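Okay, so here's the structure we're looking at.
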């Protein structure tokens with residue numbers, strides 16, 4: 422699916438999507454407060470939590486970023502996701518306590534970065550990952566005291 426994203430993009434645009442060519446981002450872009458008028462192959466939902474409409478997505482050919490969300494605490498809409506060919510970045514999510522909902526992911530082709538999630542207490546949800554093609558970085562998650570979930 423190739424999609425040009427504008428400020429009019431809504432979560433409803435994900436209905437029926439099973440494959441994303443390019444990047445998929447949920448959260449605020451703190452590097453630029455203005456919304457870019459378009460991205461070539463990327464979908465970016467600004468100031469939105471992971472919407473239930475994402476439940477059909479099985480593969481992201483680019484990066485998946487869940488970053489700087491205001492209230493994301495539930496990743497279950499991504500339960501059908503199996504492959505991320507690029508990086509997986511989960512960062513700066515103040516309400517996220519668990520990674521449950523990412524259980525179906527088996528492959529991250531790039532880096533797996535989990536950092537600066539103030540309330541994250543467990544990595545449960547990453548149990549299905551068998552391949553990480555890049556670096557694995559887990560840091561600055563103040564409440565995370567164990568790596569259980571990476572077994």
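In our numbering, the protein residues as written are 422 to 572. Every residue, glycine too, gets a C-beta built ideally from N, C-alpha and C. Just so you know, these numbers come straight off a predicted model, no measurement behind them.
Query: Taking its Cβ as the centre, do 16 or more other Cβ atoms sit within 10 Å of residue 437, making it buried, or is it exposed?; Result: exposed
Query: Look at residue 538 and residue 555 and say whether their C-beta atoms are less than 9 Å apart.; Result: no
Query: Is the beta carbon of residue 444 closer than 9 Å to that of residue 485?; Result: yes
Query: What does the Cβ neighbour count give for residue 510, buried or exposed, with the cut at 16 atoms within 10 Å?; Result: buried
Query: The beta strand (DSSP E) that contains residue 558, what's its start and end?; Result: 557-560
Query: Thinking C-alpha only, which one of 448, 527, 503, 566 is nearest residue 490?; Result: 448
Query: Quick one: which unbroken beta strand (DSSP E) runs of 3-plus residues sit fully inside the region 531-560? Chain order, please.; Result: 533-536, 557-560
Query: Near residue 569, which residues of its chain fall below 8 Å by C-beta distance, leaving aside the five closest residues on each side in sequence?; Result: 543, 544, 545
Query: Does DSSP put residue 492 in a helix, in a strand, or in coil?; Result: coil
Query: Per DSSP, which one or two residues make a beta bridge with residue 528?; Result: 504, 552
Query: Cβ atoms of residue 477 and residue 439: under 9 Å apart, would you say?; Result: yes
Query: From 551, 534, 519, 523, pick the residue whose C-alpha is nearest to that of residue 565; which is it?; Result: 519
Query: How long is the line joining the alpha carbons of residue 560 and residue 479, rounded to whole angstroms?; Result: 27 Å
Query: What is the DSSP secondary structure of residue 499, reduced to helix, strand or coil?; Result: helix
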